[in-house]
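Single-structure report; data block below.
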Amino acid sequence: HSIMRQVYTSVGANPANPAAAPSPPELSHRLRQLQTALANDEFELFYQPQATLADDQLLGVEALIRWRSPSQGLIPPAEFIPLAERSGFIIELGEWVIRAACQQIKQWQALGLPPLSVCVNLSSLQFARPDLISRINNILAEIGIAPKYLGIELTESVLVQNVDTTMAHLQALRRLGMLISIDDFGTGYASLGYLQHFPFDILKIDHCFVQHVHTNPTNGAITTAMIQMAHSLGLMVVAEGVETTDELAYLKAQGCDAIQGYLLSQPLPASQFIQWLRRRQRP
Ligand code: C2E
Ligand code: MG
Ligand code: MG
Ligand code: MG
Numbered sequence: 120h121s122i123m124r125q126v127y128t129s130v131g132a133n134p135a136n137p138a139a140a141p142s143p144p145e146l147s148h149r150l151r152q153l154q155t156a157l158a159n160d161e162f163e164l165f166y167q168p169q170a171t172l173a174d175d176q177l178l179g180v181e182a183l184i185r186w187r188s189p190s191q192g193l194i195p196p197a198e199f200i201p202l203a204e205r206s207g208f209i210i211e212l213g214e215w216v217i218r219a220a221c222q223q224i225k226q227w228q229a230l231g232l233p234p235l236s237v238c239v240n241l242s243s244l245q246f247a248r249p250d251l252i253s254r255i256n257n258i259l260a261e262i263g264i265a266p267k268y269l270g271i272e273l274t275e276s277v278l279v280q281n282v283d284t285t286m287a288h289l290q291a292l293r294r295l296g297m298l299i300s301i302d303d304f305g306t307g308y309a310s311l312g313y314l315q316h317f318p319f320d321i322l323k324i325d326h327c328f329v330q331h332v333h334t335n336p337t338n339g340a341i342t343t344a345m346i347q348m349a350h351s352l353g354l355m356v357v358a359e360g361v362e363t364t365d366e367l368a369y370l371k372a373q374g375c376d377a378i379q380g381y382l383l384s385q386p387l388p389a390s391q392f393i394q395w396l397r398r399r400q401r402p
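Quick look at the structure:
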């Protein structure tokens, strides 16, 4: 299929430009800053809701990390996740993310909110660890929430890097009842066969294909093909980065299941997310 070939040739992962990379001393300084930030509890999760298109029900929320630095302000993940991944710090940081998300789930349950699933992003380094499942299980048990309220998102790079370990982990997560999403779909190098073999529940169409989907014929064709393919494999489809009602209308017409994006809400700090939820529930 020419459309799907286009998906895999027109959009590649964006390799870092080595010439623009900071020198090692700057990197180790930055890494020490990140370690200090974790010790000082300066990381924070923001929450972005996902809603179904058919009946506008809240599907779940994605947890997105930020660094609230006292000296540098609010720092987005693009500015520290790559270094955390290269240095291995993501193992520690990722564990913090899972624990913080579980604590938030517990808190929302205690407030009597309708049960919400929270999805966290996991890096390939986390997936490469043989103890990933026992670590997740320990956190769930420690905090006391059911696994079905925690979801995970992984990108194609995870699948390509450690096929056997990843498969074993995903099957274990599936047995626990956790929701599994394939994130940024179409931006990496995984073959379509991967979709069929791994136990995914949700396919997330990357923002780059969703942008102007109603006026950009390439994005329209790619998105339509992805929705059909995902459905034929029994996956639910979430479109990422939906910003306009025109994009929403197009996606709905093509049978997309749910959306996430600024149109619905930006990622919000926990307290603001509760306000958003209450405003939305008000008749
Ligand atoms: P992602 O998982 O694909 O998350 C979606 C990104 O799209 C988020 O960027 C979100 O703020 C942004 N977004 C949502 N709606 C819209 C929209 O309507 N328009 C536009 N232009 N953007 C939108 P964010 O929060 O900056 O996160 C960027 C990436 O950083 C994430 O992409 C994810 O790959 C990574 N990341 C975030 N949190 C974590 C984490 O806890 N662990 C790991 N390993 N990676 C994380
Ligand atoms: Mg994600
Ligand atoms: Mg994504
Ligand atoms: Mg992304």
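120 is the number of the first residue of the sequence shown in the UniProt record's numbering; add one for each residue after it.
Think of the CB as a built atom: it goes at the ideal place given N, C-alpha and C, for glycine as much as any other residue.
Quantities reported herein were computed from a predicted structural model and do not represent experimental measurements.
Query	Result
Does DSSP classify Ala265 as helix, strand or coil?	coil
Just grab the DSSP bridge partners of Gln169 for me.	Gly179 and Gln379
Would the C-beta of Glu161 count as close to ligand 1, meaning under 7 Å from any of its heavy atoms?	no
Go through its chain and collect everything with a Cβ distance to Trp395's Cβ below 8 Å, but skip five positions before and after it.	Pro168, Ser384 and Leu387
Quick check: the Cα distance between Pro195 and Glu362, rounded to an integer number of angstroms?	19 Å
Flag this pair as yes or no: are the beta carbons of Gln245 and Leu164 separated by less than 8 Å?	no
Using a Cβ-based criterion (distance less than 7 Å to any ligand heavy atom), does Glu359 qualify as near ligand 1?	yes
With a 10 Å radius around its C-beta and 16 neighbouring C-beta atoms as the bar for buried, classify Ala132 as buried or exposed.	With a pLDDT of 35 at Ala132, under the threshold of 50, the modelled position of this residue cannot be trusted; read the value that follows with caution. Ala132 is exposed by the Cβ-count criterion.
Could you tell me if the beta carbon of Ile184 falls within a distance shorter than 7 Å of some heavy atom in ligand 1?	yes
Return yes when the C-beta of residue 90 is under 7 Å from any heavy atom of ligand 3, and no when it is not.	A question about residue 90 goes unanswered here, because the residues of the chain that appear run from 120 up to 402.
Per DSSP, Cys238 is paired with what?	Glu181 and Gly270
Confirm the yes/no value for this check: CB of Glu272, any heavy atom of ligand 2, distance under 7 Å.	yes
Whose C-beta lies closer than 6 Å to the C-beta of Lys225 among residues of the same chain, with five residues either side of it excluded?	Ile262 and Ile264
Is the beta carbon of Asp325 closer than 8 Å to that of Gly305?	yes
Should Asp325 be listed as close to ligand 3, given that the test is whether its C-beta is under 7 Å from any heavy atom?	yes
Would the beta-carbon of Glu204 be found less than 7 Å away from any heavy atom of ligand 2?	no
Assign Val361 to one of three DSSP states: helix, strand, or coil.	coil
Is there contact between the stretch 153-160 and the stretch 365-380, where contact requires at least three CB pairs shorter than 8 Å?	no
What do you reckon, is the C-beta of Glu181 under 7 Å from a heavy atom of ligand 2?	yes
If you scan the stretch 194-246 from start to end, which runs of the alpha helix (DSSP H) of 4 or more residues do you find wholly inside it?	200-206 and 209-229
Relative to the C-alpha of Leu273, which residue among His288, Ala260, Pro266 and Leu259 is closest?	His288
Using a threshold of 7 Å, is the CB atom of Tyr313 nearer than that to any non-hydrogen atom of ligand 1?	no
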